[in-house]
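Going line by line, the protein sequences match chains A and B. The first sequence maps to residues 1 to 329 in our numbering. The second sequence maps to residues 330 to 658 in our numbering. Don't be surprised by glycine CBs; every beta carbon is placed ideally from N, CA and C. Following: one structure in structure tokens, then a few remarks.
Protein chains: 2
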Amino acid sequence: MRPTIRDVARQAGVSIATVSRVLREHENVAADTRQRVHTAVAELQFTPSRLGRSLAERRHAANGIVFPDLSGPYYAEVVLGYESVAAELGRSVLILSTHGRAAAPAMVEEIADRCDGLVVMGRTVPDEVVERLSRRVPTVLLARPHIAGIDSVKADNTDTATALAEQVLDSGARHLVLVGDPGLSPDLSERWAGIERVASRVPDVRIEHRPTTTFDEAAGAGVARAMSGALPDAFVCGNDELALGVLGELRSHGVDVPGRVVVTGWDDIMAARYAGLTTVRQPMRGLGARAARMLDEIITGSRTEPRHDVLPTELVVRTSCGNSRKETS
Amino acid sequence: MRPTIRDVARQAGVSIATVSRVLREHENVAADTRQRVHTAVAELQFTPSRLGRSLAERRHAANGIVFPDLSGPYYAEVVLGYESVAAELGRSVLILSTHGRAAAPAMVEEIADRCDGLVVMGRTVPDEVVERLSRRVPTVLLARPHIAGIDSVKADNTDTATALAEQVLDSGARHLVLVGDPGLSPDLSERWAGIERVASRVPDVRIEHRPTTTFDEAAGAGVARAMSGALPDAFVCGNDELALGVLGELRSHGVDVPGRVVVTGWDDIMAARYAGLTTVRQPMRGLGARAARMLDEIITGSRTEPRHDVLPTELVVRTSCGNSRKETS
DNA sequence: TAACACGATGTAACCGGTTACAGACACCGG
DNA sequence: CCGGTGTCTGTAACCGGTTACATCGTGTTA
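Have a look at this one:
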């Protein structure tokens, strides 16, 4: 059995209060008493129980983050950014991947009860769950639409969607297919809205939607295959994985990209560079890091007014749309 | 203030023991009493405190995983596999990225104190720390050399290193450069050993080492640049990121791959497919999942003998070494 | 009808820390 | 020599649950 503070107290011949004082580095402990306690701690190899301490202090010194899935570079990078700031602030990190599970709300409640603050990402649990949660524990939304009174961080979708739309239209494309279900990701509806706004100002533009149930390469390839009979001028995809799927399917059938069709993605994952994909770079780690700091502000109470941050994104033009020369940057 | 079990007891007109019994679904509680408790719970929106419960039950219902970094697809995938099994087993997941920080051992001890079991990956903390840890909490090593008495899982390095070496030598290469520091990753030394064993059986093979301090593309590009004056026949890289860096550098200088030089990686990350990189596929999620199950076996006590599992890996031949036709599988 | 078993419930002691409060003791000035 | 002040330390009451054990009332059996 692991030693407790009472064992240390007995060994040092003092009370548990004194042991606690020494460990918490309180003042007003005589030097020789402090020494005796330290010796006892060392002899017993005592480390205070995190549980006991948390219960008494009424804080966990841990934060949580909830995301739909960790596959694909996007979420992993966000979580990494989050973890690194949380660690710097002396907090452990709990993760929960909801993975489309029906039990997600219960799982989120469970994790909420283990930490002092929680970040909830995009497509994980419904708004009413988030609202209930946020009443119990400080909450920051990440890549999710605002909810009144709850902090949020997201990457810009609208401005860069505009730039992306211009790039696509500049390439001469008029028949655009938007790949990905905006119902599955709040980011997507903003992106599509931005693109449609630009498109509406140009004559003869035709926009078609192709929702997918997942956001992976297989889904992208499926869309491209289904349209192989009547190709549009452009596949504008909701993320890079979809776009890479489209691109792979087209290229394997000898379709000239960007000559015949242009393709764009979103996120700028590593593979996008190697595939020459035109896309939008998001500050993935920055999102996680910012969320961690905002959460800390709420937890420590250094800020009380809610904040809604939008981090800038950047259009990255490569060969798949609008840049004829080879590029690997 | 959040309601406690005593508030519920008062509201329902019963004792806290009865409330606990109802919540834990013990038998021997009268139906109407149970009903009253449930009503009180609902009215107060009571949820038991995880801390109080953990303290009394002396278990956390949480597991931890420690890894060096989450950047790059490898660790993210492993963590994902781990999380999904842990969630299935009803355990929350704590993550800790040591990130080369000097304070890593202390951080690991901290996280160890928050969970019922811990997975420690490759290059995070020294063996003596792991041994101390494993005396306190069930531990599984992942992608780390065995330590007597401590469970471990890893992907096969030796067999596939043999296959890879044969592939490289079959391509005609005789002057091989091994990129990546085996001191930084236990996996690497096994891979290099396997390759050198094969090479030693072929006449006139010359092997050179080029350690790098990191495992990213920049490091790979740096090595290729440094050798541009006197190119070897093959760059055999410790992971895909290094290989992609090498490949990018070579191609941007018009070096013919695989005509003039062949390049191989390890891991089979997504970008490898798009870059046509010959590499070795690791069951990344499988590693995480297996570790989670092994840990569960130790925690529940369903197994007491240590186990050392090795998961199979697979050589994936693409254009960068040994396969002339285009491939995107 | 008394003895007994058993089901339902409460009491209180844990789990392992923190900390308010009180007490003991030494030293000071009037 | 006495009251006041300040330092050091211990007692005990928390934090919020679980559970062994005691208690009480009822139905069953000899």
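DSSP has residue i in a bridge; who is on the other side?
i: residue 237/A; result: 179/A
i: residue 429/B; result: DSSP lists no partner for residue 429/B.
i: residue 205/A; result: Its beta-bridge partners do not exist; DSSP assigns none.
i: residue 715/B; result: With chain B represented from 330 up to 658, any question about residue 715/B goes unanswered, as that position is not in the structure.
i: residue 424/B; result: 93/A, 394/B
i: residue 593/B; result: 565/B, 607/B
i: residue 150/A; result: 147/A
i: residue 142/A; result: 121/A, 153/A
i: residue 129/A; result: Bridge partners of residue 129/A: none, in fact.
i: residue 316/A; result: 279/A
Determine the chain B residues that contact residue i at a beta-carbon separation under 9 angstroms, and present them in chain order.
i: residue 253/A; result: Chain B residues near residue 253/A: none, gap ~12 angstroms exceeds 9 angstroms.
i: residue 83/A; result: 399, 424, 425, 426, 428
Applying the criterion that 16 or more other CB atoms from any shown protein chain within 10 Å of the CB defines a buried residue, is residue i buried or exposed?
i: residue 556/B; result: buried
i: residue 266/A; result: buried
i: residue 344/B; result: exposed
i: residue 177/A; result: buried
i: residue 351/B; result: buried
i: residue 639/B; result: exposed
i: residue 330/B; result: exposed
i: residue 477/B; result: exposed
i: residue 385/B; result: exposed
i: residue 655/B; result: Its pLDDT being 41, under 50, residue 655/B is placed unreliably by the model, and nothing is read from it.
i: residue 240/A; result: buried
i: residue 531/B; result: exposed
i: residue 212/A; result: buried
i: residue 60/A; result: buried
i: residue 170/A; result: exposed
i: residue 35/A; result: exposed
i: residue 126/A; result: exposed
i: residue 353/B; result: exposed
i: residue 135/A; result: exposed
i: residue 551/B; result: buried
i: residue 328/A; result: Caution applies to residue 328/A, whose pLDDT of 40 falls short of 50 and renders its modelled position unreliable; the value that the coordinates give is listed next. Per the 10 Å Cβ criterion, exposed.
i: residue 249/A; result: buried
i: residue 320/A; result: buried
i: residue 330/A; result: Not covered by the structure: residue 330/A. The range shown for chain A is 1 to 329.
Check the Cβ of residue i against every Cβ in chain B and list those closer than 7 angstroms, keeping chain order.
i: residue 79/A; result: 399
i: residue 242/A; result: Within 7 angstroms Cβ-Cβ: nothing; residue 242/A doesn't reach chain B, min ~13 angstroms.
Applying a beta-carbon distance threshold of less than 8 angstroms, which residues of chain B neighbour residue i?
i: residue 107/A; result: 416
i: residue 47/A; result: 438, 442
i: residue 145/A; result: Going along chain B, no residue has its Cβ under 8 angstroms from residue 145/A, so there is no contact; the nearest lies around 26 angstroms.
Name the chain A residues that come within less than 7 angstroms of residue i, Cβ to Cβ?
i: residue 383/B; result: 51
i: residue 604/B; result: 274
i: residue 469/B; result: In chain order: nothing, as chain A lies at least about 18 angstroms away.
i: residue 600/B; result: 270, 271, 274
i: residue 352/B; result: Per Cβ cutoff of 7 angstroms: no residues; residue 352/B is ~14 angstroms from chain A at best.
For the beta strand (DSSP E) containing residue i, name the first residue and the last one.
i: residue 373/B; result: Where residue 373/B is concerned, there is no enclosing beta strand (DSSP E), although the alpha helix (DSSP H) it sits in stretches over 360-373.
i: residue 613/B; result: First-last for residue 613/B: 613-629, but that is the alpha helix (DSSP H), not the beta strand (DSSP E).
Between which two residues does the alpha helix (DSSP H) harbouring residue i extend?
i: residue 553/B; result: 546-555
i: residue 414/B; result: 402-417
i: residue 543/B; result: Note, residue 543/B: premise wrong, no alpha helix (DSSP H); not H, not E.
i: residue 347/B; result: 345-352
i: residue 385/B; result: 379-386
i: residue 662/B; result: Any question about residue 662/B goes unanswered here, given that chain B covers just 330 to 658.
i: residue 337/B; result: 334-341
Can you list the residues of chain A that residue i reaches, using a CB-CB cut of under 8 angstroms?
i: residue 345/B; result: Those within 8 angstroms of residue 345/B in chain A number zero; the least Cβ separation is about 16 angstroms.
i: residue 714/B; result: With chain B represented from 330 up to 658, any question about residue 714/B goes unanswered, as that position is not in the structure.
i: residue 421/B; result: 94, 96, 110, 111, 114
What residues from chain A crowd round residue i, counting only those whose CB sits closer than 9 angstroms?
i: residue 405/B; result: 70, 71, 72, 73, 75, 76, 77, 79, 80
Legend entry - the region 31-51 of chain A in contact with the region 253-260 of chain A per 3-pair CB rule at 8 angstroms: no
Legend entry - Cβ contact (3+ pairs, closer than 8 angstroms) linking the region 594-608 of chain B and the region 434-449 of chain B: Touching, no.
Inset, instruction - For the region 490-508 of chain B and the region 561-570 of chain B, state whether three or more C-beta atom pairs, one from each stretch, are separated by less than 8 angstroms. - result: yes
Legend entry - Segment contact, 8 angstroms Cβ cut-off, at least three pairs: the region 141-155 of chain A with the region 121-129 of chain A: yes
Legend entry - Cβ pair count under 8 angstroms reaching 3, the region 290-301 of chain A against the region 199-206 of chain A: no
Legend entry - Cβ contact check for the region 84-97 of chain A and the region 405-425 of chain B: 3 or more pairs under 8 angstroms: yes
Legend entry - At least 3 beta-carbon pairs within less than 8 angstroms: the region 364-382 of chain B vs the region 43-50 of chain A: Judged by Cβ distances under 8 angstroms, the region 364-382 of chain B makes no contact with the region 43-50 of chain A, as fewer than three pairs qualify.
Inset, instruction - Please confirm if the region 517-526 of chain B is in contact with the region 483-496 of chain B, defined as three or more CB-CB distances below 8 angstroms between the two stretches. - result: In short, these stretches touch, since the Cβ pair count reaches three.
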